[in-house]
Amino acid sequence: MAVITERGTKVGASSLWRLVLRLATLAVGLSVVFLALWFIRRDALRYLDWSPATFQRFWPNRGLLAVHVVGACVALLVGPIQFIAPLRRAAPRAHRAAGWTYAIAVLVSTPFAIRLSVYSNCALCVSPFVVWGLVTMLVTVAAVITVVRGNYRVHRDFMIRSYALMYGFVFVRLDAHLVGTPFEIPLASGAARNSMVIWLAWVIPLVVVEFFISWGPAVRRAFRTKRATPSAA
Numbered sequence: 019m020a021v022i023t024e025r026g027t028k029v030g031a032s033s034l035w036r037l038v039l040r041l042a043t044l045a046v047g048l049s050v051v052f053l054a055l056w057f058i059r060r061d062a063l064r065y066l067d068w069s070p071a072t073f074q075r076f077w078p079n080r081g082l083l084a085v086h087v088v089g090a091c092v093a094l095l096v097g098p099i100q101f102i103a104p105l106r107r108a109a110p111r112a113h114r115a116a117g118w119t120y121a122i123a124v125l126v127s128t129p130f131a132i133r134l135s136v137y138s139n140c141a142l143c144v145s146p147f148v149v150w151g152l153v154t155m156l157v158t159v160a161a162v163i164t165v166v167r168g169n170y171r172v173h174r175d176f177m178i179r180s181y182a183l184m185y186g187f188v189f190v191r192l193d194a195h196l197v198g199t200p201f202e203i204p205l206a207s208g209a210a211r212n213s214m215v216i217w218l219a220w221v222i223p224l225v226v227v228e229f230f231i232s233w234g235p236a237v238r239r240a241f242r243t244k245r246a247t248p249s250a251a
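Okay, so the sequence shown: first residue is 19 according to the working numbering, each after it adds one.
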């Protein structure tokens with residue numbers, strides 16, 4: 019009886035842990051979708067007002083900005099659909115269509131973002147924008163190549179990286195709305211602050227994603243593997 023009880027306890031703890039992980043994943047997913055919708059409503063839909071007052075310094079390049087905004091919004095909305103496992107299993111064609119839509123939206127909008135960064139009033143912001151855009155394009159292209167070659171596990175990981183990079187736009191705008199509030203992130207001021215925010219907006223999400231995709235599993239495997247003993251000379 020003691021062995022059976024002990025095994026039952028282990029199974030219960032394991033089930034509870036899986037439940038906690040599922041609830042945490044659901045909470046994070048809902049938060050991601052909520053912030054994306056908030057970003058689109060607050061910062062993207064305003065460009066429907068096709069006027070110099072709305073586009074301001076980007077008015078001469080309003081076409082570039084419009085394409086970038088539309089592509090980014092499509093990517094932010096379609097991206098989460100890729101990570102719904104039951105939908106992926108039940109409707110694989112819809113999953114593929116959503117995936118191609120996402121990839122095209124990213125690869126169309128990102129070059130326009132790089133081009134628009136040149137027109138920024140913040141000279142220190144050009145470099146982080148350009149590097150951010152290039153990394154996003156490379157990661158998304160890698161996601162496309164891996165799925166075409168049938169390596170779905172690697173494809174999934176690159177899609178997660180790509181969406182984390184695209185989501186950086188949400189964090190940039192969120193920081194702008196927090197300035198002057200008690201929740202303002204304590205950083206430098208002026209152009210230096212803007213540059214730091216851009217770097218942090220995509221580097222931190224990418225590092226967090228890498229921890230869960232690569233570093234965390236590698237560390238767990240290292241702890242589970244028996245320590246190798248050096249062979250006798």
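A virtual CB, placed ideally from N, CA and C, is assigned to each residue, including glycine. Keep in mind that this is a model prediction, so the values were computed, not measured.
Asked	Found
For the alpha helix (DSSP H) holding Asp193, just list the boundary residues, first then last.	Gly186 to Leu196
What whole-angstrom Cβ distance do Val215 and Leu183 have, given they're in contact under 8 Å?	So it is not a contact: roughly 15 Å between Cβ atoms.
By the three-class DSSP mapping on this structure, what secondary structure does Asn212 have?	helix
Return the Cβ separation of Phe189 and Ala219 in integer angstroms, given the expectation that the two are a contact with Cβ distance under 8 Å.	4 Å
Assuming Pro9 is part of the alpha helix (DSSP H), what are its boundary residues?	Residue numbering for the chain in the displayed model covers 19 to 251; residue 9 lies beyond these limits and cannot be assessed.
Determine, using beta carbons only, whether Asp61 and Arg171 come nearer to each other than 7 Å.	no
For Arg80, report the span of its alpha helix (DSSP H) as first-last.	Arg80 to Val96
With a CB to CB cut of under 7 Å and the five nearest residues on each side skipped, what residues in its chain are close to Ala116?	Val96, Ile99 and Gln100
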